[in-house]
Structure formats: C-alpha cells, structure tokens
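Protein chains in written order, with our numbering: chain A, 1 to 197; chain B, 198 to 394.
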C-alpha cells in the first residue's frame, strides 16, 4: 500500500492542524499513514536551541500564533494558545508509543485538541489520564507501560531515526527518500506518495 | 482597488517562485500588487544571524534546496542553485527602487530568473546591466540613480518599514494589518485581500 510517515512532536503548533486533517486527506488519495511521535527537543538542541524558536525569535513567534489562528479558523478547528508554551511533551510522546498502534491516531488527535483547542496542560498526568479513559484505555496500565525501559528506548530510537532522516521541525512527512516539512506541505507529500509510492 | 504588498529580498530563495507567479494569481482575484524590495540582512542581524539561516542550520538548508527544486519542478520554472549563496543583493535592491514603478515587476522577475534559474551572479554589475538593457532601461543612468543618496535612504526606510510590520523572512505579503509569510501563503494572502481588502 502507498504509505506516508507522519513525524510529529506533541508541543509542535503546526502539527495540530496536520494531525486533525491527515487521515481524511490521506484516505482521499488511497495513502496509508504511519504515525511517528518523537521528541524535537534533542534535535533543536543540536541546532543550539534550548527553547522553541518561536520564543527565541519573537517576530517569528508573533507571526506563528496569528498564522495558526487563521489556519484553525479556516479549518473550523477550535484554537486556544497554550500557556506555558512549549508544553513538556515527554509523557505524551511515551504514551503515544505505549498505546496500540490502532489507537495512536485517536490518542494523538485528542492530545493536540486538548492542548491547542482547549488550553489544557499536557505535561502532567491529569489531562493525559482523562484522554486515555475517554478512549477506554486503562490509564494506570498505560502510564506504567509508558515509563518502561522498552518505551523509553523506543522513543529515543524514533528521535534518532527522525534526525537521520533530516527532520528538523514538525510536522514532517516522509515518503521514501523525500522529506516534506510543515502543515502546508501535507498535500504535496500525499500527492508524492500517491504518484510515486 | 484591493491591494497586497509583496515584500521581497533578492537573495531569498522562496521569493523566486512567489515573484514569478504573484501577478497572475493576483489578477485572477482582482487584487493589485505593490512590489516592495528591501534588505533582509539587517533584520536577520537583529535575530543574531550574520548569514542565511539555511547556511547556519544545515538540515534546514538541505531541505530547503530540495523543496525549492520540487516547487520549481511543479511550476515548470527552471532551477539552478546559486553559488555562492546567499548572493549580495544590495545593488539589485537599490536598482529595483531606482527603476520606474511600472518596470519593477519585470526587473524583479528577471533578477530572480537569472539568479535561481540560470545561476548567474547578481552581486556585481554585469548581470544587472544585461537585465536593464534587455528591458530597454539605460544601464548607466539607472546605476547612477541606484547609487544616489535618495535611493540609498529609500531602501533603508523600506527595510525599517518591513521590520515595523513584523516581517522576519521573505516572501512576505501584507494586507492591512495581516502578515503572511512564505510562497505557500500567497493564495491565503490574496484571498484575504480579495475578501476583506
């Protein structure tokens, strides 16, 4: 089957609209999606950043929030700027790898919607536990699995793989050797997969 | 008339496809375009960059060149990566302000096409003189005007105005108080102008 890898970091702003719309857009082209959560922090750190570039470069940050608000408006997605930003995404990323692959898209969308649509905190356990429960995934068992060495290691390996693929920001879409970056490249990436997959 | 301001830096890679397609896209929506050349260097310098971020961050740079190649391919635009990059754009920017406003779009497109489509050097006089001559603009007179205090001052003022508007990269499009950044935002900016102009 034609396939695209969707690489995302839970604190990433433009990954919110991408996560909410990728499944329909992929289905319309007969393309399958592999959901690949990872941590962008270590890759930003390689670039000399210890914070989001949207905080480091204020003009870029001001623009991004307004641009994201316009994009959500045009898609009919609720938007509420998270505070603080960025949120610590470590637990969310580990949980996304701990749930069954079939549950990963719904879990991911729920985390983005809570963070960027309802301004809920995703760093601690409260919001994440509520999301798991709503998806009928037993919270305690999943938190335990998320903090296992196997999942910790897997998240590190996924982050290393993203770096190896040249991912430097998210959302990123990978089709074979081709990398596409940004919510605005989703269609180009899916078209590439549909034509050349 | 509905209007959009198109802010561009001649060394800017994604401004090449934007410059080549803005006029048709704007005409299709009944929107007029004001062409606003300026220098991005001083604004990058404010952000702590003494070079293009595409050179400072190699993963981002590698991606950009491939992405630009794909975009040019999809638009049927010739593409040849300039060497060196970035090119010094000071003379080109002054000339763009020195020519009559009616000639600015054609002059601008010719500079981008020479630089990114034919790998010609735009820092010195040779390519720029050939472009002026081809547009039947007397080269010596325009170089003289481009080095006048009035044009030097105007370029500084335009750069200050871009900074004031929050421009931090190019191409940028401004419609009233709304800023749009990137070749991929051209349609959104024009639609904004057409609806709310």
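Idealized CB from N, CA, C, for every residue including glycine.
Reference residue i; option with closest CA among the options
i: residue 124(A); options: 15(A), 168(A) and 92(A); result: 92(A)
i: residue 210(B); options: 200(B), 266(B) and 222(B); result: 266(B)
i: residue 109(A); options: 11(A), 139(A) and 3(A); result: 11(A)
i: residue 360(B); options: 212(B), 223(B), 244(B) and 328(B); result: 244(B)
i: residue 86(A); options: 63(A), 121(A) and 141(A); result: 121(A)
i: residue 349(B); options: 235(B), 222(B) and 223(B); result: 235(B)
9 angstroms Cβ cutoff, residue i in contact with chain B
i: residue 31(A); result: no
i: residue 181(A); result: yes
i: residue 174(A); result: no
i: residue 161(A); result: no
i: residue 67(A); result: yes
i: residue 70(A); result: yes
i: residue 178(A); result: yes
Spatial neighbours of residue i in its chain, beta-carbon cut-off 6 angstroms, leaving aside the 5 residues before and after
i: residue 225(B); result: none
i: residue 202(B); result: 231, 233 and 371
i: residue 373(B); result: none
Contacts of residue i in chain A (Cβ-Cβ under 8 angstroms)
i: residue 365(B); result: 57, 59, 60 and 63
CB contact flag (residue i, residue j, <9 angstroms)
i: residue 214(B); j: residue 287(B); result: no
i: residue 143(A); j: residue 95(A); result: yes
i: residue 332(B); j: residue 296(B); result: yes
i: residue 71(A); j: residue 159(A); result: no
i: residue 227(B); j: residue 275(B); result: no
i: residue 182(A); j: residue 166(A); result: no
i: residue 391(B); j: residue 199(B); result: yes
i: residue 119(A); j: residue 172(A); result: no
i: residue 149(A); j: residue 377(B); result: no
i: residue 83(A); j: residue 382(B); result: no
8 angstroms CB neighbourhood of residue i in its chain, flanking five on each side removed
i: residue 23(A); result: 33 and 105
i: residue 217(B); result: 272, 274, 306, 309 and 310
i: residue 103(A); result: 135 and 137
i: residue 107(A); result: 95, 96, 99, 131, 132, 135 and 137
Neighbour flag for residue i against chain A, beta carbons, 9 angstroms
i: residue 382(B); result: yes
i: residue 271(B); result: yes
i: residue 396(B); result: Outside the shown range of chain B (198 to 394) lies residue 396(B), about which nothing can therefore be said.
Closer than 7 angstroms at the beta carbon, the chain A residues around residue i
i: residue 244(B); result: 57
Sequence-distant residues of the same chain with beta carbon closer than 7 angstroms to residue i, five excluded per side
i: residue 253(B); result: 246
i: residue 375(B); result: 389
i: residue 53(A); result: 60
i: residue 336(B); result: 326, 329 and 330
i: residue 387(B); result: 201, 222, 223, 226 and 228
i: residue 127(A); result: 114, 120 and 121
C-beta neighbour in chain D for residue i, strict 9 angstroms
i: residue 352(B); result: Note that chain D does not occur in the displayed structure, where the protein chains are A and B.
Residue i: CB within 8 angstroms of a non-hydrogen atom of the ligand ADP
i: residue 13(A); result: No copy of the ligand ADP occurs in the structure displayed, which carries no ligand at all.
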